[in-house]
Amino acid sequence: MRVVCLISGDGSNLQALIDWQIKGLLGDAEIVGVVSNKAQAFGLERAKRANIATTVLSHERYPDRCQFDRALISVIDNYEADLIVLAGFMRILTAQFVNHYANRLVNVHPSLLPKYKGLNTHRRAIEAGDSASGATVHWVTEELDSGGIIRQAEVPIYAHDSEESLRQRVLEAEHSLYPAVIRDLSLGVVAC
Ligand code: GAR
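Residue numbers 997 to 1188, in the working numbering, belong to the letters of the sequence shown in order.
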């Protein structure tokens, strides 16, 4: 299963996937390319260190979302991707893009969906007085953060938590959740 990861920033989830791949734990999945919409994304360095091909496609160079997404499709299809893994890719995708990759596009979101779609998930969970939060891996559909849930990981919220301490705990949970899901998808354990 040829996997292309889309990133915008630090790429710690990408690193977790790379680590599992290096250890032979990623099943039949192989990360064949990493695409970033930001040239400064540290995740690009992580990919290069692992000898994985990278592409930078800056959204600022395109007049609108549709044209950027069309260019993105062309880049991804050049990698002959079977599965597209959003790993901190901070762009809203057009229906055209999502439909092109129907049942081949997954995302990790830092909340227990359907709670807290969108941004500032940790702050909202703390402000609501929740006792738990977590991460969700889900299929991507046209509606933001609303596609079918594949698997979730739950973490506690403590009384002394800040947005940052909760962010770290959720991120750590993502680092084992996401690679395990990609492995299982590649092995057919999870239906596409
Ligand atoms: C992760 O926490 C991921 O869940 C979140 O961005 C972070 C990326 O971290 N994604 C979203 O919020 C998408 N809506 P990383 O770059 O270190 O993997």
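Cβ atoms here follow ideal geometry from the backbone N, Cα and C, with glycine treated the same way.
Does at least one heavy atom of ligand 1 sit under 6 Å from the Cβ of residue i?
i, result
"S1158", "no"
"G1130", "no"
"G1143", "no"
"N1047", "no"
"A1083", "yes"
Using DSSP's beta-bridge definition, name the partner residues of residue i.
i, result
"H1134", "N1103, I1145"
"E1026", "R998"
"E1150", "G1130"
"V1201", "What the structure shows of the chain is the stretch from 997 to 1188, and residue 1201 is not part of that stretch, so it cannot be assessed."
For ligand 2, is there any heavy atom lying closer than 6 Å to the beta carbon of residue i?
i, result
"H1105", "The model on display carries ligand 1 but not ligand 2."
Pull up the CB-CB distance for residue i and residue j, whole angstroms please, since I reckon it's below 8 Å.
i, j, result
"V1081", "I1145", "Going by Cβ atoms, the distance from V1081 to I1145 rounds to 16 Å, so no, they are not a contact pair."
"L1181", "A1083", "Wrong, their Cβ atoms sit about 14 Å apart, outside the cutoff."
"A1124", "V1166", "15 Å between Cβ atoms; not a contact."
"L1140", "I1088", "7 Å"
How far does the alpha helix (DSSP H) with residue i in it reach, from first residue to last?
i, result
"V1177", "1159 to 1182"
"L1010", "1008 to 1018"
"T1090", "Per DSSP, T1090 belongs to no alpha helix (DSSP H) and is neither H nor E."
"V1052", "It is not in any alpha helix (DSSP H) - V1052 instead sits in the beta strand (DSSP E) that spans 1049 to 1052."
"D1123", "For the record, residue 1123 in the displayed sequence is Glu; it is not Asp. Where E1123 is concerned, the enclosing alpha helix (DSSP H) stretches over 1117 to 1123."
Hey, could you find the ends of the beta strand (DSSP E) residue i is sitting in?
i, result
"N1081", "Here the sequence assigns Val to residue 1081, which means Asn is not the residue at that position. From DSSP, the beta strand (DSSP E) with V1081 extends over 1079 to 1082."
Notebook entry, point to check: Should the region 1128 to 1136 be called in touch with the region 1098 to 1113, which here means at least 3 C-beta pairs below 8 Å?
Noted result: Result yes; three or more Cβ-Cβ pairs closer than 8 Å.
Next item on the list: Kindly confirm or deny that the region 1110 to 1128 and the region 1049 to 1069 touch, where touching means at least three C-beta pairs closer than 8 Å.
Entry: Cβ pair count under 8 Å is below three, so no.
Item checked: Three-pair Cβ contact test at 8 Å for the region 1083 to 1098 versus the region 1149 to 1168 -> As far as the Cβ criterion goes, the region 1083 to 1098 does not touch the region 1149 to 1168, which means the pair count is below three.
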